[in-house]
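J.:
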Amino acid sequence: MSYRTDLVYRYDGSYQGFLCCVFACFQHRELPLSIRPWEEAQQSLFGSREIPTQPELAQRVERSIPKKISPLALEWVRKGFLACLPQREMALLRFLLLGYKRGAAVTKLTTHPVVHPVGQAVLAVENEAHHVLEFLRFAQCGEFLAARIAPRHRVLPLLAPSFCDRLPSENFLLFDGEHGMGFFHPKDTVGEFFQADQVELPPPSEEELQWQRLWKAFYRTVAVEGRENPKLRQSRCPQRYWSLMTELQDQAGQKWPGLSAVQL
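Numbering-wise, full-length UniProt numbering puts 243 at position 243 of the sequence shown, and it's gapless, one number per residue.
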């Protein structure tokens with residue numbers, strides 16, 4: 001591959017769109033200066049190339065990763081794309097270019113300057129998804145179970161399948177206000193993702209609020225003052241997840257975001 005570094009790739013910001021950027025890199029035998037979503041692209045002295053999203057090309061690239069590198073490498077690319085990593089697309093592109101040269105061994109090169117940031121990003125995404133999955137609490141809002149999250153990374157696609165398995169017969173909504181993404185699951189059907197800055201839900205019912213008060217009272221009652229260990233709790237249950245937990249959140253200060261693009 002002959003490289004040129006004075007082009008900026010612009011794409012729609014989707015995972016499939018990114019895979020099309022990888023295809024274009026090989027098609028044009030060039031390494032772009034950067035890869036940016038259309039809404040983030042700024043005026044630049046460098047030229048740009050618009051990369052349209054073509055599902056068939058994205059599938060070709062995705063099929064090639066487990067075949068020419070490894071299934072684990074594909075998992076890294078999928079999870080790495082969910083990470084809020086600076087220059088995420090270029091980091092993943094360089095990882096793939098190295099992987100096509102080194103094969104399955106690439107994921108074991110954990111100290112390599114190309115592999116290390118991707119591996120760390122994947123680990124961060126996995127850890128955050130695990131924490132949110134464990135600490136998240138739903139509330140009954142009208143006919144829905146609903147929960148709002150504000151993660152550092154885009155972990156919602158990793159959470160949704162677990163809750164679909166746990167709650168197949170429930171109407172539930174997960175909303176990531178930090179990244180403007182939601183997942184709605186009607187009972188006994190397949191759920192779907194949507195994009196929205198905000199959502200509006202009915203306020204929790206009085207029965208729901210009563211159950212929350214009872215749970216908080218139970219949490220306080222069973223606590224043994226002499227055994228309190230704030231440092232241990234902070235290490236096992238980081239404070240940034242407390243807003244997800246009924247027993248630790250300040251219910252009076254919790255508000256669902258206002259109506260914007262989606263109303264259920």
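Cβ coordinates follow ideal geometry from the N, Cα and C atoms, glycine included.
Can you name, in chain order, every residue of its own chain whose Cβ lies under 7 Å from the Cβ of glutamine 140, other than the five neighbours on each side?
T.: Excluding positions up to five away in sequence, the list reads Pro204, Ser205 and Glu208.
J.: First and last residue of the alpha helix (DSSP H) that includes tyrosine 219?
T.: Start and end: 206-222.
J.: Comparing alpha-carbon positions, which option in Cys21, His153 and Leu136 lies nearest leucine 173?
T.: Ranking Cys21, His153 and Leu136 by Cα distance to leucine 173 puts Leu136 first.
J.: Please classify histidine 185 as buried or exposed, where buried requires at least 16 other C-beta atoms within 10 Å of its C-beta.
T.: It is buried - the Cβ of histidine 185 has at least 16 other Cβ atoms within 10 Å.
J.: In whole angstroms, what is the alpha-carbon distance linking valine 262 and tryptophan 211?
T.: Unreliable positioning characterises valine 262 in this predicted model, as indicated by a pLDDT of 40, which lies under 50. The coordinate reading is nonetheless provided below. Spanning the two alpha carbons is a distance of roughly 28 Å.
J.: In whole angstroms, what is the alpha-carbon distance linking lysine 79 and arginine 88?
T.: If you take the alpha carbons of lysine 79 and arginine 88, they lie about 11 Å apart.
J.: Which residue spans inside the region 119-182 form an unbroken beta strand (DSSP E) run of at least 3?
T.: The qualifying runs are 139-141, 144-149 and 172-176.
J.: Can you tell me the Cα-Cα spacing of alanine 252 and threonine 221, whole angstroms?
T.: Unreliable positioning characterises alanine 252 in this predicted model, as indicated by a pLDDT of 34, which lies under 50. A coordinate reading is not provided.
J.: Does the region 18-29 come within contact of the region 57-71, defined as at least 3 CB pairs closer than 8 Å?
T.: Yes, since at least three Cβ pairs between the region 18-29 and the region 57-71 fall closer than 8 Å, the two stretches touch.
J.: Assuming leucine 244 is part of the beta strand (DSSP E), what are its boundary residues?
T.: Taken as a continuous stretch (DSSP letters only), leucine 244 belongs to no beta strand (DSSP E), as it is neither H nor E.
J.: State the Cα-Cα distance for the pair alanine 91 and valine 125, rounded to the nearest angstrom.
T.: Roughly 15 Å separates the two Cα atoms.
J.: By alpha-carbon positions, which one of Ala105, Lys67, Thr53 and Leu244 ends up nearest to glutamate 16?
T.: Residue identity check: residue 16 is glutamine in the sequence provided, not glutamate. Of Ala105, Lys67, Thr53 and Leu244, the residue nearest in Cα terms is Thr53.
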